[in-house]
Amino acid sequence: MLLSPCAISHANAPGLAPEAAIATGEASYYADRFAGKRTASGEAYDPSDFTAAHRSLPFGTRVRVTDVQTGRSVVVRINDRGPWGKDRLIDVSRAAANEIGLARRGRGTVSIALAQDDTDTDTAED
21 MLLSPCAISH ANAPGLAPEA AIATGEASYY ADRFAGKRTA SGEAYDPSDF TAAHRSLPFG
81 TRVRVTDVQT GRSVVVRIND RGPWGKDRLI DVSRAAANEI GLARRGRGTV SIALAQDDTD
141 TDTAED
């Protein structure tokens, strides 16, 4: 988690179609000790919000994160940079990790895709 503020960017990632798979890789979730700390976008991290860190997607981009093992998905909003471990694709909030079943394992394989539209804020699907 970065603690220095950056400018907020557009909500849409240019050139990518909604619900088109962007990538598949390892995900983990933020430790509780980060609650209240500033993210790279300048927002305070709230474990109950559906947010995530990604290395390059613009702040405000909404992505659907699907846990490959459970098949459950959740829409999160990118508001931070990271993860900084070479083997991870995305870090999600505790709320998002709970919804998709990732919190029990600590990390797991997920696929990410742009959410269908900017108002798509639903939580896990069965």
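The opening position of the sequence shown corresponds to residue 21 in our numbering, with each subsequent residue numbered one higher. Even for Gly, the Cβ is constructed at its ideal location relative to N, Cα and C.
Counting only the same chain and skipping the five closest in sequence on each side, list residues whose C-beta sits under 6 Å from that of residue i.
i      : result
Ala117 : Tyr49, Ala123
Thr59  : Tyr65, Asn99, Asp100
Given this structure, state the Cα-to-Cα distance separating residue i from residue j, to the nearest angstrom.
i     : j      : result
Leu90 : Ile120 : Looking at the sequence shown, residue 90 is not Leu but Thr. Between Thr90 and Ile120, the C-alpha separation is close to 7 Å.
Thr86 : Lys106 : 20 Å
Leu23 : Phe54  : Note that Leu23 scores a pLDDT of 33, beneath 50, so its modelled location is shaky; the value from the coordinates is reported in the next line. Their backbone Cα atoms lie some 10 Å apart in a straight line.
Val88 : Asp111 : 15 Å
Arg92 : Thr129 : 12 Å
Cys26 : Ala47  : Unreliable placement is indicated for Cys26, whose pLDDT of 31 sits below 50; the coordinate value is still reported in the next sentence. Near 23 Å, if we compare the C-alpha coordinates of Ala47 and Cys26.
How far does the beta strand (DSSP E) with residue i in it extend, from its first residue to its last?
i      : result
Arg114 : First-last for Arg114: 114-120, but that is the alpha helix (DSSP H), not the beta strand (DSSP E).
Please determine, among the options, the residue with the shortest C-alpha to C-alpha distance to residue i.
i      : options                        : result
Ile98  : Phe79, Ser113, Trp104, Lys106  : Phe79
Thr44  : Arg114, Ala135, Gly126, Leu109 : Leu109
Gln136 : Val95, Arg114, Gly102, Lys57   : Val95
Asp69  : Ser113, Gly126, Arg125, Glu46  : Ser113
Arg75  : Arg125, Gly126, Trp104, Ala115 : Trp104
By Cβ distance below 8 Å, which residues in the same chain neighbour residue i in space, the five residues on each side in sequence not counted?
i     : result
Ala41 : Ser131, Ile132, Ala133
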